[in-house]
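Undergrad:
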Amino acid sequence: MKFLPLLMEIMQLLLLLAAAPLFAGWVKMVKCWSQGRTSPSLLQPYRDIAKLFSKDVVLAENASWIFRFTPYIVFGATLLAGGIIPILSVDLPLSATADVIALVALFAIARFFTALAGMDIGTAFGGMGSSREMTIASLAEPAMLMAVFTMSLASKSTSLSHIAQTISQSDIHMALRPSLAFAFLAFVMIAIAETGRIPVDNPETHLELTMIHEAMILEYSGRHLALIEWAGMMKLFLFMSLGAAAFFPWGIAGAGNMAAIPLALIYLIIKFTFAGVVLVLIETGLAKMRLFRVTEFLGAAFLLATLGMLAHFILE
Amino acid sequence: MDIQTTAQIINFLAAMVLLTAFGMLVQRRIYGLIHLFAWQGLFLSVSTAIVGYAAGRHHLYISSVLTLALKVILLPYILNALIHKLKIRKEIETVVNVPLTMLIGIALVIFSYSLTAPVREMSTLVTRSILAIALATVMIGLLMMITRRHAVTQIIGFLAMENGLFFAATSATYGMPLVVELGVAIDVLIAAFIFGIFFFHINTTFDSLDVEQMARLKEGE
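Read top to bottom, the protein sequences are chains A and B. The first sequence maps to residues 1 to 316 in our numbering. The second sequence maps to residues 317 to 537 in our numbering.
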């Protein structure tokens with residue numbers, strides 16, 4: 001294997017690990033501003049993670065190996081997903097081995113084990129959270145795959161590197177493609193559901209009855225909780241970079257082009273600053289939905305993704 | 317503007333017309349429905365103007381302005397005024413199983429696509445591919461009339477169907493002759509007035525615009 005792509009891969013993973021809490025801090029900061037509150041520092045998520053790592057793990061008496069392994073599996077699967085998505089460069093060795101369908105599967109593994117761990121302890125809230133999470137997942141995943149297939153139809157490949165390359169090299173005709181516009185709308189809705197943001201789930205809730213993701217990880221503490229929280233931030237970061245790679249890939253460095261990396265980094269910062277603001281606008285503009293309305297929300301996402309696919313055949 | 321860009325813009329607007337049609341299919345609030353209807357009219361009007369420009373048929377400009385005046389401004393205004401006058405306070409309507417309705421809508425789009433595929437092969441017009449969208453819009457309007465219970469929403473479904481027909485005429489043959497189009501426009505306008513009068517009568521007779529109530533018209537009760 002060549003040295004340069006390997007270096008790129010490692011750089012990207014390090015960037016993911018380092019920048020994910022920063023982005024989470026940025027989203028929180030903008031949210032506080034939009035609500036007229038004083039915001040915590042941008043570095044607060046780092047401090048939270050460091051604090052959790054230094055604390056002891058409290059395990060329930062009846063916790064099995066699933067409960068103890070899950071944080072590492074979730075963290076590992078999320079980190080591996082970061083090796084597939086072209087965040088800075090399309091020149092990734094891992095990208096050749098796994099396409100976007102494998103990416104959806106990686107997220108599914110993480111979710112599956114989180115749901116198992118939620119039920120493992122045997123508390124009522126854990127089981128409830130797992131049940132809700134799987135309900136949402138069973139609706140979000142088909143929609144996600146449909147949106148992904150629409151992207152692959154437009155670029156004739158399921159490899160994310162190839163999709164990013166094709167779209168960034170195309171002209172203005174590509175930008176006006178209705179299929180991609182539909183797929184983008186669907187993707188935004190799915191990303192909100194998958195990363196557990198308002199209106200599907202509220203990441204800041206302290207009310208057990210309204211929790212979805214939080215309910216599953218209520219029993220975690222210490223380094224386990226730190227890993228899960230970190231993985232959650234990375235997931236948000238990854239969904240943003242997946243959207244950037246598939247729909248706004250301008251600026252991502254081409255194959256073998258080491259000199260374009262600093263520019264790619266600047267583009268990335270601009271895109272993520274903007275994405276954070278848009279996410280906050282969505283979150284402050286909408287109220288959390290009733291759980292039974294989520295099926296309609298994700299049904300609409302599925303509809304949009306399917307319409308995108310049909311539009312590709314009908315109009316393009 | 318070269319022909320490819322124009323075709324792309326027309327296709328994009330067609331996609332937006334289809335999107336608004338689906339939006340109307342699942343929208344619960346009547347005011348939201350009227351807004352969506354106005355947006356659909358706007359997309360229709362702009363796309364008609366662009367088709368007119370691309371094909372050099374200048375009478376399409378008149379159709380476009382007519383659509384703008386009638387379907388974006390006048391009809392939504394009349395509907396809004398009607399709802400205001402009739403004091404429809406309970407503006408949220410139960411829709412029959414939204415996800416199922418959406419799936420039927422998707423099936424209708426696929427059906428329209430396969431139905432118009434031969435026409436698409438034969439045609440040489442710049443608008444040939446949006447015929448399927450136009451037909452799908454007509455069918456979704458029809459589906460909306462079937463699945464809704466409220467008289468006002470049924471009328472909006474009917475008007476959406478008319479939008480689809482107009483779109484089909486533009487895409488298949490670059491629009492109908494101007495006389496026909498003027499006739500249809502006035503027809504729709506008159507229809508809107510008659511509907512308005514009917515609404516008042518239904519409302520005063522049944523105290524509701526729910527068409528289920530009409531079952532009470534049976535004799536011997």
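All C-beta atoms in this analysis are idealised placements derived from N, C-alpha and C, irrespective of residue type, glycine included. These figures come from a predicted structure and were not determined experimentally.
1. Suppose you measure from the CA of A/F274 to the CA of A/L238; what does that come to, to the nearest Å?
2. Is the segment 443-455 of chain B in contact with the segment 481-494 of chain B, if contact means three or more CB pairs nearer than 8 Å?
3. When you compare each of B/A365, B/K387, B/L386, B/Y347 to B/L398 by their alpha carbons, which one comes out closest?
4. Is B/H375 helix, strand or coil by DSSP?
5. Rounded to whole angstroms, how far is the Cβ of A/F112 from the Cβ of A/G276, which I believe are closer than 8 Å?
6. Report the rounded CA-to-CA distance for A/I10 versus A/A81, giving the unit in angstroms.
7. Pull up the distance between the alpha-carbon of A/L279 and that of A/A117, whole angstroms please.
8. On the three-state DSSP scale, how would you describe B/H517?
9. Taking C-alpha atoms, which residue in A/A253, A/E133, A/F182 lies nearest to A/Q165?
10. Give the list of continuous alpha helix (DSSP H) stretches no shorter than 4 residues that lie fully inside the segment 239-288 of chain A.
11. Between B/A467 and B/L391, how many whole angstroms is the CB-CB distance? I'm expecting something under 8 Å.
12. Helix, strand or coil: how does DSSP classify B/H466 here?
13. At a CB-CB cut-off below 7 Å, which residues of chain B make contact with A/P178?
14. Pick out the complete beta strand (DSSP E) segments inside the segment 381-432 of chain B, 3 residues or longer, and give them in chain order.
15. Determine, for B/I456, whether the minimum Cβ-Cβ distance to residues of chain A falls below 8 Å.
16. Note down the Cα distance separating A/L79 from A/A255, rounded to an integer number of angstroms.
17. Rounded to the nearest angstrom, what separates B/T486 and A/I314 at their Cα positions?
18. Unbroken alpha helix (DSSP H) runs of length 4 or more, entirely within the segment 27-85 of chain A: which are they?
19. Taking Cβ positions, are A/A301 and A/A186 nearer each other than 8 Å?
20. I need the DSSP call for A/E316, collapsed to helix, strand or coil.
21. Name the two residues that bound the continuous alpha helix (DSSP H) containing B/V333.
22. What residue range is occupied by the uninterrupted alpha helix (DSSP H) comprising A/H206?
23. Could you name the residues that DSSP lists as bridge partners for B/A526?
24. Could you pull out every residue in the same chain whose Cβ sits closer than 8 Å to the Cβ of B/T432, ignoring the five residues on either side in sequence?
25. Near A/L225, what residues of its chain come up, given a Cβ to Cβ distance below 6 Å and the 5 sequence neighbours on each side ignored?
26. Mind checking if A/I314 is an interface residue toward chain B, Cβ cutoff 8 Å exclusive?
27. Counting C-beta neighbours from all protein chains within 10 Å, is the total for B/G499 16 or more, i.e. buried, or is it exposed?
28. If you run the structure through DSSP and keep just helix, strand and coil, what is A/R111?
29. So, helix, strand or coil for A/R197, using DSSP?
30. With A/G127 as the anchor, note down where its alpha helix (DSSP H) starts and where it stops.
31. What residues in the segment 338-349 of chain B have a beta carbon less than 8 Å from any beta carbon of chain A?
32. Grab me the residues of A/C32's own chain with a C-beta within less than 6 Å of its C-beta, minus the 5 sequence neighbours each way, in chain order.
33. Cβ of B/V435 less than 8 Å from any chain A Cβ?
34. Note down, in chain order, every chain B residue with its Cβ under 8 Å from the Cβ of A/A300.
35. Does the beta-carbon of B/Y429 have 16 or more other beta-carbons within 10 angstroms, so that it is buried, or is it exposed?
36. Cα separation between B/F522 and B/F515?
TA: On the basis of the supplied data:
1. In the first sequence, residue 274 of chain A corresponds to position 274, counting from 1. In the first sequence, residue 238 of chain A corresponds to position 238, counting from 1. Computed Cα separation, rounded: 15 Å.
2. The count of Cβ pairs closer than 8 Å, one atom from the segment 443-455 of chain B and one from the segment 481-494 of chain B, reaches three, so the stretches are in contact.
3. Taking the second sequence and counting its residues from 1, one reaches residue 398 of chain B at position 82. Of B/A365, B/K387, B/L386, B/Y347, the residue nearest in Cα terms is B/Y347.
4. Taking the second sequence and counting its residues from 1, the one referred to as residue 375 of chain B is at position 59. In the three-state DSSP reduction, B/H375 falls in the helix class (H, G or I).
5. Within the first sequence, numbered from 1, the residue matching residue 112 of chain A stands at position 112. Within the first sequence, numbered from 1, the residue matching residue 276 of chain A stands at position 276. No, A/F112 and A/G276 are not in contact; Cβ-Cβ is about 29 Å, not under 8 Å.
6. Walking along the first sequence from the start, residue 10 of chain A turns up at place 10. Walking along the first sequence from the start, residue 81 of chain A turns up at place 81. Going from the Cα of A/I10 to the Cα of A/A81 covers about 13 Å.
7. If you number the first sequence from 1, residue 279 of chain A lands on position 279. If you number the first sequence from 1, residue 117 of chain A lands on position 117. Straight-line Cα distance between these residues: approximately 29 Å.
8. If you number the second sequence from 1, residue 517 of chain B lands on position 201. Per DSSP, reduced to three states, the secondary structure at B/H517 is helical.
9. Walking along the first sequence from the start, residue 165 of chain A turns up at place 165. When each option's Cα is compared against that of A/Q165, the closest is A/A253.
10. For the segment 239-288 of chain A, whole alpha helix (DSSP H) runs of length 4 or above, ordered along the chain, are 261-285.
11. If you number the second sequence from 1, residue 467 of chain B lands on position 151. If you number the second sequence from 1, residue 391 of chain B lands on position 75. Wrong, their Cβ atoms sit about 16 Å apart, outside the cutoff.
12. Here the question's residue 466 of chain B lines up with position 150 in the second sequence. Residue state, collapsed to three classes: strand.
13. Here residue 178 of chain A refers to the residue found at position 178 of the first sequence. Near A/P178 (Cβ distances below 7 Å), the residues of chain B are N327, F328, A331.
14. Taking only runs of at least 3 residues, no beta strand (DSSP E) segment lies wholly in the segment 381-432 of chain B.
15. Along the second sequence, read from residue 1 onward, the residue named residue 456 of chain B stands at position 140. False, the Cβ-Cβ gap to chain A never drops below 8 Å.
16. Working through the first sequence from its first residue, we reach residue 79 of chain A at position 79. Working through the first sequence from its first residue, we reach residue 255 of chain A at position 255. Between A/L79 and A/A255, the C-alpha separation is close to 22 Å.
17. Against the second sequence, residue 486 of chain B aligns to sequence position 170. Against the first sequence, residue 314 of chain A aligns to sequence position 314. If I take the Cα positions, the gap works out to 17 Å.
18. Counting whole runs of 4 or more residues, the segment 27-85 of chain A contains the alpha helix (DSSP H) stretches 44-53, 65-84.
19. Position 301 of the first sequence holds residue 301 of chain A. Position 186 of the first sequence holds residue 186 of chain A. Result yes, Cβ atoms of A/A301 and A/A186 sit closer than 8 Å.
20. Residue 316 of chain A sits at position 316 when you count from the first residue of the first sequence. Correct three-state label for A/E316: coil.
21. Against the second sequence, residue 333 of chain B aligns to sequence position 17. Unbroken alpha helix (DSSP H) run through B/V333: 319-342.
22. If you number the first sequence from 1, residue 206 of chain A lands on position 206. DSSP places A/H206 in no alpha helix (DSSP H); its state is neither H nor E.
23. Along the second sequence, one-based indexing puts residue 526 of chain B at 210. One point to set straight first is that residue 526 of chain B is Asp, not Ala, in the sequence displayed. Its beta-bridge partners are B/H466.
24. What you label residue 432 of chain B is simply residue 116 of the second sequence in a count that begins at 1. Cβ within range, chain order: L447, A448, L451.
25. The residue you call residue 225 of chain A lines up with position 225 of the first sequence. So the qualifying residues of the chain are L52.
26. As a first step, residue 314 of chain A must be located in the first sequence, where it is residue number 314. Yes - at least one Cβ of chain B is within 8 Å of the one on A/I314.
27. On the second sequence, residue 499 of chain B is found 183 positions in, with the first residue counted as 1. Here B/G499 is exposed: its Cβ has fewer than 16 other Cβ atoms, across all protein chains shown, within 10 Å.
28. Translated into positions along the first sequence, residue 111 of chain A becomes position 111. In this structure, A/R111 counts as helix in the three-state DSSP scheme.
29. For the purposes of this step, residue 197 of chain A is taken as residue 197 along the first sequence, with counting starting at 1. Residue state for A/R197 is assigned as coil, using DSSP reduced to three classes.
30. Position 127 of the first sequence, counted from the first residue, corresponds to residue 127 of chain A. Its alpha helix (DSSP H) spans residues 124-155.
31. Residues F338, V342.
32. Counting from 1 along the first sequence, the entry for residue 32 of chain A is found at position 32. Contacts found: S39.
33. Numbered from its first residue, the second sequence carries residue 435 of chain B at position 119. So, not an interface residue.
34. For the purposes of this step, residue 300 of chain A is taken as the residue at position 300 of the first sequence. The contact set of A/A300 on chain B, defined by CB atoms closer than 8 Å, consists of V342, M418 in chain order.
35. Residue 429 of chain B sits at position 113 when you count from the first residue of the second sequence. By the neighbour-count rule (16 or more Cβ atoms within 10 Å), B/Y429 is buried.
36. One-based indexing of the second sequence puts residue 522 of chain B at position 206. One-based indexing of the second sequence puts residue 515 of chain B at position 199. Take the alpha-carbon of B/F522 and the one of B/F515: they are about 10 Å apart.
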